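Input: a single structure, listed below in structure tokens.
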Amino acid sequence: MFMFLFLAASALISALLVVRSREIVHSVIALATCFISIAALYIMLSAEFVAIIQILVYVGAVVVVILFGIMLTKREIMESEKR
Amino acid sequence: MNLYTFCYGLIHWLVDLVNNLWFWLGGHLPGALGGFFTWAGDLAKSDLNISFFAILLEVLIMVIIALINVLNFIWIDRKWMGRMFDFYGPYYVGYRIGGWLQNLADGIKLFVKEIIVPKKADRLGFLLGPVIFVASSVAALSTIQFSPQFGVLTSGVDTGVPAGVLIAFAFFAIAPFSILVTGWSSNNKFTLIGGLRSAAQMMSYEIPMLLVVASVFLLSGSFSFVGVVGAQHSVWFFIPLFIGFLVFLTCIVAEVEIQPFDLAEAEAELVEGWTTELPGFRFGLFMMTSYMRGYIGGALVVTLFLGGWQGPSLIPAELWFLIKAYLVFLVIEWMRWSNMRVRIDQLLNIGWKRLMPLAVINLLIAVALKTMGWF
């Protein structure tokens, strides 16, 4: 029960940080945290295979593709949006 | 007796030792305080607590073994590079044992350096990136099994972790993310280019690698170390899947970024790649971890293709595993010091246009073998 609450809180808070953080790369770090806590939740539901594929595909590939997308855009655009 | 039962017994003995004092205090202290001590003693003695610490102890043992092997690997690397390039390599520090202590000296030198964070760096990413890199590599390491009895096990039964090989690859795949974050947050063009190159390389080489791994899983019908190695009882998989073996070896070299594919830290173009701004011991930790990834890669090659811990029973199984892993590492080093670095476009061409079709052909061969009922 305690473990579930901890993981659920971490997933929710990091999901909130994805939307709220000012630096866009920080939101990607929060997104990875969110995916990893969801994978841990899958393990708690004794669905190990889904958890492993979650880490392999989402943290290993999707997050990196998103990062690529961010880094191929101009930094100045992001900075002007911040203000 | 396997490693889990050994660790469980050890932790149980230690807890009993402390608990004697604890319960004695609980009996002599008044009221609620005494009750607290008895409660804490009962909690410490519970099965869940002891098995948790037993697994932690197992991971610690595996990491210590890996670190010793990493020291050996760095030493072999330097010595053999010296021999191939016609010089001696390190020999002053630890003169009697062939300069083996040079690594420790370098480690101490890096350890006492100051940790400098560049002024315009992004603090969160800069401090977190290398930590994720090291942590994911250690997590991948902890799934490696030397034999059915020796590895991070969760019960007294010698089956190992279910889907252990897949877990190793899952944690192996986290690295590009951390590299990209570190490269970006250092706020330096060399680190950014290095990080982007490294992530592109790892992403494109992961696909053929996982296709080859899928063919091995298809033949063995299992995701765990014990199952994969047990399926190689009659014939090691590098004979039926020879193409896959070569593809996997190439992909592992590219994944751990050593010489023919070390574009991410090409010294001539990018100063030190994505690690340029890393200070002191963070760089040392990265260096150590990249060799540790080489060790994990060698162990995975041995498990998937070279029969794991199987061999004549003159030598114990764990030693067979290590001997094979060292041989794979020597082959990788041989490739490393006798090949030139490829360009980035050549690298991606090799990955997508050569290795990818070869991996698919290998998968077809595996399917054919399976449908003919040979495995």
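Respectively, the protein sequence lines represent chains A and B. Under the numbering used here, the first residue of the first sequence is numbered 4, with each subsequent residue one higher. Under the numbering used here, the first residue of the second sequence is numbered 8, with each subsequent residue one higher. Virtual Cβ for every residue (Gly too), placed ideally from N, Cα, C. Since the structure is predicted, the reported quantities are computational estimates derived from the model, not experimental observations.
With the criterion set as a beta carbon lying under 9 Å from some beta carbon of chain B, the members of the region 63-74 of chain A are G63, A64, V66, V67, V68, L70, F71, I73, M74, in sequence order. Cβ contact annotation for W359 (chain B) (same chain, cutoff 8 Å, sequence separation greater than five): S211, in chain order. Counted as a single uninterrupted DSSP element, the alpha helix (DSSP H) harbouring E325 (chain B) occupies residues 324-345.
Considering only beta carbons, the part of the region 23-46 of chain A lying closer than 7 Å to chain B consists of E26, V28, H29, I32, A35, in chain order. Assigned with DSSP and collapsed to three states, L160 (chain B) falls in coil, not helix or strand.
In the three-state DSSP reduction, G16 (chain B) falls in the helix class (H, G or I). Look at Y11 (chain B) here: in three-state DSSP terms it is helix. In this structure, the CA atom of M294 (chain B) is about 11 Å from the CA atom of E279 (chain B). Residues of the same chain with a CB within less than 6 Å of the CB of E325 (chain B), apart from the 5 flanking positions on each side, are F153, S154, F157 in chain order.
In the DSSP assignment, T378 (chain B) falls within the alpha helix (DSSP H) that extends over 363-378.
Taking the C-beta atoms as reference points, A332 (chain B) is found no nearer than 9 Å to N110 (chain B). Spatial neighbours of F232 (chain B) in its own chain (CB-CB distance under 8 Å, excluding positions within 5 residues in sequence) are listed in chain order as T150, I151, Q152, G158, G167, V168, G171, V172, T310, G315.
Contact between W281 (chain B) and G190 (chain B) holds: their C-beta atoms lie close to 4 Å from each other, under 8 Å.
Taking L354 (chain B) as the centre and dropping the five residues before and after it, the same chain places the C-beta of Q208, F268, L270 closer than 7 Å to its C-beta, in chain order.
For F44 (chain B), the enclosing alpha helix (DSSP H) stretches over residues 38-52. The beta carbon of S24 (chain A) lies closer than 7 Å to those of S30, A33 in the same chain, with the five residues before and after it left out. The residue among B:F44, B:I372, B:G136, B:M347 with its C-alpha nearest the C-alpha of T198 (chain B) is B:G136. A Cβ-Cβ separation of about 6 Å places S162 (chain B) in contact with Y11 (chain B) under the 8 Å criterion. With contacts defined as CB atoms closer than 9 Å, I303 (chain B) and S205 (chain B) fail to qualify as a contacting pair. DSSP, reduced to helix, strand and coil, places H240 (chain B) outside both helices and strands of the structure shown, so it counts as coil.
Between the alpha carbons of A54 (chain A) and I41 (chain A) lies a gap of roughly 8 Å. At a cut-off of 9 Å between beta-carbon atoms, V159 (chain B) makes no contact with chain A.
For the options A:L48, A:V62, A:A50, the alpha carbon positioned closest to that of I39 (chain A) is the one of A:V62. For F230 (chain B), same chain residues with a beta-carbon under 8 Å away, outside a window of 5 residues either side, are P169, A170, G171, V172, L173, F224 in chain order. For F52 (chain A), the chain B residues whose Cβ falls inside 7 Å of its Cβ are A170, in order along the chain.
Between N27 (chain B) and G38 (chain B), the alpha-carbon positions lie close to 19 Å from each other. When only Cα atoms are considered, I246 (chain B) and G89 (chain B) end up about 33 Å apart.
By the neighbour-count definition (other C-beta atoms within 10 Å, threshold 16), R361 (chain B) is an exposed residue. Nearest CB-CB separation between I58 (chain A) and chain B: below the 9 Å threshold. Short of 6 Å from the beta carbon of F252 (chain B), and not among the five residues preceding or following it, lie these beta carbons of its own chain, in chain order: F245, F312. Here DSSP, grouped into helix, strand and coil, assigns A180 (chain B) to coil. Within 10 angstroms of the beta-carbon of N195 (chain B) lie 16 or more other beta-carbons, which makes it buried. Secondary structure remark: continuous alpha helix (DSSP H) runs of at least 4 residues inside the region 233-319 of chain B, in chain order: 249-262, 287-312.
Rounded to whole angstroms, I18 (chain B) and M4 (chain A) show a C-alpha spacing of 26 Å. Across the set B:D49, B:A375, B:I72, the C-alpha of B:I72 shows the shortest separation from the C-alpha of L329 (chain B).
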